[in-house]
């Protein structure tokens, strides 16, 4: 978590993040008219925007207070992971949807159901992770070593 937040995000001012975000943004733009993705793309776009917002916030805050990196690291890793998974599930939906109707094994329809489960039950966790990151490091750093 610290490696992602410190070396990969903060040190290079989000350059690697921009590559990741650009790929997802391109996918969203290119698939706006894809009916199978209509229920997924708005949530994916919101998750990406949420991740971009906290990325910018932590980069700026870390310049003033390096403790922000450690305070955000674990939540940021989880938020990044959920956003990446949302993107990968959207890509799987893109492949599975056209094949689901003629699939006698149920493999592709199971992919669609699992994608819905992820988007409806797992991805919403990104809201609380982003909020925790936005809350900053003060409450963590206010605790003295002897108070543990």
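In my numbering, the protein residues as written are 4 to 151. All C-beta atoms in this analysis are idealised placements derived from N, C-alpha and C, irrespective of residue type, glycine included. The structure displayed is predicted, hence computed values, not measured ones.
**Asked** Going by the beta-carbon positions, is the gap between residue 139 and residue 71 smaller than 8 Å?
**Response** yes
**Prompt:** Of all the options 133, 45, 21, which has the alpha carbon lying nearest to the alpha carbon of residue 82?
**Reply:** 133
**Request:** Could you tell me if residue 129 is buried or exposed, where buried requires 16 or more neighbouring beta carbons within 10 angstroms of its beta carbon?
**Result:** buried
**Asked** So, using beta-carbon positions, are residue 47 and residue 89 closer together than 8 Å?
**Response** yes
**Prompt:** Between the region 91 to 100 and the region 60 to 70, do at least 3 Cβ pairs fall closer than 8 Å?
**Reply:** no
**Prompt:** Thinking C-beta only, is residue 115 closer than 8 Å to residue 104?
**Reply:** no
**Request:** Only counting runs of 4 or more residues, tell me where the alpha helix (DSSP H) segments fall wholly within the region 80 to 125, in order along the chain.
**Result:** 110 to 120
**Request:** Go to residue 26, then tell me how far its alpha helix (DSSP H) extends in each direction, as first and last residue.
**Result:** 18 to 33
**Prompt:** Would you call residue 5 buried or exposed, if buried means 16 or more other Cβ atoms sit within 10 Å of its Cβ?
**Reply:** exposed
**Prompt:** Which residue's Cα is closest to the Cα of residue 136: 106, 108, 53?
**Reply:** 53
**Request:** Report all residues from its chain with a CB closer than 6 Å to the CB of residue 99; omit the five preceding and five following residues, and keep chain order.
**Result:** 111, 114, 115
**Message:** According to DSSP, simplified to helix, strand and coil, what is residue 128?
**Reply:** helix
**Item:** residue 85 versus residue 122: straight-line alpha-carbon distance, rounded
**Value:** 10 Å
**Where residue 74 sits in the DSSP three-state scheme** = helix
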